[in-house]
Amino acid sequence: MRKNDFDVIIVGAGPAGLAAGYVLAKEGINVAIIERGIFPGSKNVMGGIFYRSSLDDLIPDFYKEAPLERHIIEQKVWFLSDDSMFSAGLKSERYNVEPYNCFSVFRAKFDKWFAKKVSDASAMIINETVVRELILKRGKVVGVRTDRPNGDLYCDVVISAEGVNSFLPKSLGLRKKINANNVALGVKEVIELPDKVINDRFGVSNSSEGVTIEITGPYFNEMRAMGFVYTNRNSLSVGIGAVIEDLVRLKMNPNDLLETLKSHPAIKPLVSGGETKEYMAHMIPEGGYYSMPKLYHDGFMVVGDAAMLVNSIHREGANLAIESGKLAAKTYIEARKKGDFSQRALSAYQKRLEESFVLKDLKTYKNLPKLLEEKKYLISKYPKFLIDAMYEIYNVDRVPKSEKIKLILNKAKKEIGYFSIIKDIFSVWRNLR
Amino acid sequence: MRIEDKLYLIGYNIDEEESHLGISDPNECKRCQGRPCTYVCPAGVYSYDDEEEKLSINYDACVECGTCRIVCSYITWRYPRGGFGVQYKFG
Ligand SMILES: Cc1cc2nc3c(=O)[nH]c(=O)nc-3n(C[C@H](O)[C@H](O)[C@H](O)COP(=O)(O)OP(=O)(O)OC[C@H]3O[C@@H](n4cnc5c(N)ncnc54)[C@H](O)[C@@H]3O)c2cc1C
Ligand code: SF4
Ligand code: SF4
């Protein structure tokens, strides 16, 4: 048999692949990471809030040197209707002390920096190369076929860290075709503004403090969509993620959606006068726990978005990618001691993930995608009722408060129905238990 | 802002030699209901010419999100060759 070129080959240099590569390289394992972009990060997009703790565990105090934008001290949720906005959220000085909870980032810069750390740890990063298929021997994965001339590379184990458009797990039959209910399309713009203007508009005292706004509500017309506005140092990241099935069903163009969001009376003052610097799009695997593929095969493991590890409610993805990459690398290191890379040995990766917060969190929300698919009105009806009720309470028109309350209760009865309210509360409670 | 104007802001390394997007059976487009590819693509890559009864694919504008391949199984989708395609400055 042909000699191995590497012990481990990782496909994709996003956070998942880089984390796996880092752990392996630190253990002196001969690892290559294959990336199709000109450099790691050049093809990657996220909203961009990066949670510190999973990476801090690998590279302590990384935030002191990594290219980050602002640390986040306030997180808000805005419920929009066409003409109104109801806001909830938390600003805390506890988020304003090192080592910080999370940061806004640009992936093109952040991934590039992370990749440098990984190659400094002596992993080999091969850019501008696409892995086209797996090389199998008697059903076991033994290498990858790239689009380079004579581009076959052999190894003990391949780790698929290809992100949401992964096809290697499918080629092994670990999952079926991805369906339009399990993925969202995210579109985003980076809008440049002077940092002083951003500080004033978002109520922070200097250019390292940041704010996030998550946007939902009746404005999206029962679409499973979320908008966001995040502060960077000299720009805002403004975007929308919408489930693809809904985009198709409602014949929506994602750029039109983003444009109308930017013109909403609550968003417009935030972005006004800014200049768009970049427009981008990427899919988000939002199907949750039940949409995950089988995560291992003989000589093969799947990490990050390729494994559908995204917690869309908390917009966590990059940190789950890092955590899963770490656990896959540890599994390899264990398996290597016994020289056993069979699926039985690699199934320990699944166990590690189950014991970590990654799958514990995905399990907590496992029924949510289905619930929202069946009851799309939950995202619009209740926030709409809340906005209308608040409007009544604040609107002083010489109607006594007691009558207003009666009015609001009547509206609840007529527009939603007491019985439906109880049923909805029960089903949400049952599904989140 | 129109999509066309936004696409000017994106860096691309265009592969002049080969398209990474295609249609396995162009006849399907003639009878396709609603032609979702023409409105869901965030980069406006697909457009349908009613007179010529033909779908045209402006593959250089593609940002490689993969959405078209989820909505239509007649689209043959693959990654551009290594180093080609979209190249973000921020991401
Ligand atoms: C609009 C949007 C907003 C988001 N917001 C957040 C957020 O605020 N916080 C958060 O934590 N997460 C967020 N996410 C999710 C987050 O981006 C992902 O969960 C995370 O990037 C997954 O990392 P990954 O390494 O698994 O995949 P990716 O980051 O997608 O990396 C995959 C890499 O593999 C390469 N590749 C793929 N296939 C091949 C191949 N065959 N050959 C060679 N190279 C290949 C790609 O070029 C890429 O570099 C968001 C996502 C989107 C789209
Ligand atoms: S590519 Fe698919 S979605 Fe687009 S017109 Fe043809 S058949 Fe329809
Ligand atoms: S991959 Fe995305 S950007 Fe490219 S053609 Fe398909 S939908 Fe459009």
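Chains as they are written, first to last, in full-length UniProt numbering: chain A, 1 to 433; chain B, 1 to 91. Ideal placement from N, C-alpha and C gives every residue a C-beta, glycine not left out.
Taking only beta-carbon positions, decide if E18 of chain B is within less than 8 Å of chain A. As a position in the second sequence, residue 18 of chain B is number 18, starting the count at 1. It does not: the Cβ of E18 of chain B has no partner Cβ on chain A nearer than 8 Å.
Provide the residue span of the alpha helix (DSSP H) that contains A20 of chain A, from first to last. Walking along the first sequence from the start, residue 20 of chain A turns up at place 20. It spans 15-26 - the alpha helix (DSSP H) in which A20 of chain A sits, taken as one unbroken run.
Closer than 8 Å at the beta carbon, the chain A residues around Q87 of chain B: Within the second sequence, the letter at position 87 stands for residue 87 of chain B. Result: G37, I38, S42, K43.
Give the secondary structure of H264 of chain A by DSSP, where H, G and I count as helix, E and B as strand, and everything else as coil. Against the first sequence, residue 264 of chain A aligns to sequence position 264. Coil.
8 Å CB neighbourhood of Y289 of chain A in its chain, flanking five on each side removed: For the purposes of this step, residue 289 of chain A is taken as residue 289 along the first sequence, with counting starting at 1. Hits under 8 Å: L359, L362, K363, Y365, K366.
On the CB-based measure, 16 or more other CB atoms within 10 Å of its CB, does G21 of chain A come out buried or exposed? What you label residue 21 of chain A is simply residue 21 of the first sequence in a count that begins at 1. So G21 of chain A ends up on the buried side.
Cβ of A13 of chain A less than 8 Å from any chain B Cβ? Position 13 of the first sequence holds residue 13 of chain A. Not one chain B Cβ lies under 8 Å of A13 of chain A.
Relative to ligand 2, is the shortest distance from any of its heavy atoms to the C-beta of L55 of chain B smaller than 7 Å? As a first step, residue 55 of chain B must be located in the second sequence, where it is residue number 55. Relative to ligand 2, the nearest heavy atom lies less than 7 Å away from the CB of L55 of chain B.
Looking at the C-beta of E4 of chain B, does it have a partner C-beta in chain D at a distance below 8 Å? Absent here is chain D; the protein component of the structure consists of chains A and B.
Whose CA, out of B:P80, B:K89, B:Q87, B:Y88, lies closest to the CA of T129 of chain A? Residue 129 of chain A sits at position 129 when you count from the first residue of the first sequence. When each option's Cα is compared against that of T129 of chain A, the closest is B:P80.
Short of 8 Å Cβ to Cβ, which residues in the segment 240-269 of chain A face chain B? I244, L247, V248, K251, M252, N253, P254, N255, E259
Considering only residues of the same chain and omitting the five flanking positions on each side of A348 of chain A, which have a CB-CB separation below 8 Å? Numbered from its first residue, the first sequence carries residue 348 of chain A at position 348. So the list reads T331, E334, A335, once near-sequence residues are dropped.
Specify the secondary structure class of M292 of chain A as computed by DSSP and reduced to three states. Along the first sequence, read from residue 1 onward, the residue named residue 292 of chain A stands at position 292. M292 of chain A falls in the coil class under three-state DSSP.
Return the chain-ordered ranges of every alpha helix (DSSP H) run that is complete within the segment 16-61 of chain B and spans a minimum of 4 residues. Within the segment 16-61 of chain B, the complete alpha helix (DSSP H) segments of 4 residues or longer fall at 26-31, 37-40, listed in chain order.
Note down, in chain order, all residues in the UniProt domain "4Fe-4S ferredoxin-type" (53-82) of chain B with a beta-carbon under 9 Å from any beta-carbon belonging to chain A. V63, E64, C65, G66, T67, R69, I70, V71, S73, W77, R78, Y79, P80, R81, G82
Determine which residues of the segment 83-111 of chain A have a Cβ less than 7 Å from any Cβ of chain B, and write them out in chain order. F106, R107, A108
Can you pull out the residues from the segment 167-187 of chain A whose beta carbon lies closer than 7 Å to at least one beta carbon of chain B? I178, A180, V183, L185, V187
Quick one: Cα of F341 of chain A to Cα of N4 of chain A, how far? In the first sequence, residue 341 of chain A corresponds to position 341, counting from 1. In the first sequence, residue 4 of chain A corresponds to position 4, counting from 1. Each residue's Cα considered, the two are about 14 Å apart.
Check for me: the alpha helix (DSSP H) holding E13 of chain B runs from which residue to which? Here residue 13 of chain B refers to the residue found at position 13 of the second sequence. In the sequence on display, residue 13 of chain B carries Asn and not Glu. Careful: N13 of chain B lies outside any alpha helix (DSSP H), inside the beta strand (DSSP E) at 11-13.
For V31 of chain A, the first and last residue of its enclosing beta strand (DSSP E): Looking up residue 31 of chain A in the first sequence gives position 31. 31-34 is the span of the beta strand (DSSP E), which, as asked, contains V31 of chain A.
State the CB to CB distance for the pair I33 of chain A and G143 of chain A, rounded to an integer number of angstroms; the pair is presumed to be in contact (CB under 8 Å). Locating residue 33 of chain A in the first sequence gives position 33, counting from the first residue. Locating residue 143 of chain A in the first sequence gives position 143, counting from the first residue. With a Cβ gap of about 15 Å, I33 of chain A and G143 of chain A do not count as contacting.
Say whether chain A places a C-beta atom closer than 8 Å to the C-beta of P42 of chain B. In the second sequence, the residue the question calls residue 42 of chain B occupies position 42. At a cut-off of 8 Å between C-beta atoms, P42 of chain B counts as an interface residue with respect to chain A.
State the beta-bridge partners of A161 of chain A as determined by DSSP. To locate residue 161 of chain A, count along the first sequence from 1; it is residue 161. Bridge partners of A161 of chain A: none, in fact.
Kindly say whether E286 of chain A, judged by its beta-carbon, lies nearer than 8 Å to any beta-carbon of chain B. By 1-based counting over the first sequence, the position of residue 286 of chain A is 286. It does not: the Cβ of E286 of chain A has no partner Cβ on chain B nearer than 8 Å.
Using a Cβ-Cβ distance under 8 Å, would G91 of chain B count as near chain A? By one-based count along the second sequence, residue 91 of chain B stands at place 91. Yes, because at least one Cβ of chain A sits closer than 8 Å to the Cβ of G91 of chain B.
Note down, in chain order, every chain A residue with its Cβ under 7 Å from the Cβ of P36 of chain B. Within the second sequence, numbered from 1, the residue matching residue 36 of chain B stands at position 36. The answer, in chain order, is V248.
Taking only beta-carbon positions, decide if N165 of chain A is within less than 8 Å of chain B. Here residue 165 of chain A refers to the residue found at position 165 when the first sequence is read from its first residue. Yes, N165 of chain A lies at the interface with chain B (some Cβ there is under 8 Å from its Cβ).
For my contact list, H282 of chain A and V45 of chain A are in at a C-beta cut-off of 8 Å; report their separation, rounded to the angstrom. Taking the first residue of the first sequence as 1, we reach residue 282 of chain A at position 282. Taking the first residue of the first sequence as 1, we reach residue 45 of chain A at position 45. That pair is a contact at about 4 Å.
Around ligand 2, which residues pass a check of Cβ closer than 7 Å to any of its heavy atoms? B:I23, B:E28, B:C29, B:C32, B:R35, B:P36, B:C37, B:T38, B:Y46, B:Y48, B:L55, B:V71, B:C72, B:Y74, B:I75
How about M223 of chain A: is its C-beta nearer than 8 Å to some C-beta of chain B? Residue numbering aside, residue 223 of chain A sits at position 223 when the first sequence is read from its first letter. Answer no: the Cβ-Cβ gap between M223 of chain A and chain B never drops below 8 Å.
Is A281 of chain A close to chain B, meaning its C-beta is less than 8 Å from at least one C-beta of that chain? By one-based count along the first sequence, residue 281 of chain A stands at place 281. The beta-carbon of A281 of chain A is placed less than 8 Å from the nearest beta-carbon of chain B.
Pull out every residue of the segment 128-146 of chain A whose Cβ sits closer than 7 Å to any Cβ of chain B, in chain order. E128, T129, V130
Short check: CB of M280 of chain A to CB of G44 of chain B, under 8 Å? By one-based count along the first sequence, residue 280 of chain A stands at place 280. By one-based count along the second sequence, residue 44 of chain B stands at place 44. No, these two residues do not count as a Cβ contact at 8 Å.
Cutoff 8 Å: V310 of chain A Cβ touching any chain B Cβ: The count along the first sequence starts at 1 and reaches residue 310 of chain A at position 310. Cβ-Cβ to chain B under 8 Å: no for V310 of chain A.
CA-CA distance, P218 of chain A and K384 of chain A? Taking the first residue of the first sequence as position 1, residue 218 of chain A is located at position 218. Taking the first residue of the first sequence as position 1, residue 384 of chain A is located at position 384. For P218 of chain A and K384 of chain A, the distance between alpha carbons rounds to 6 Å.
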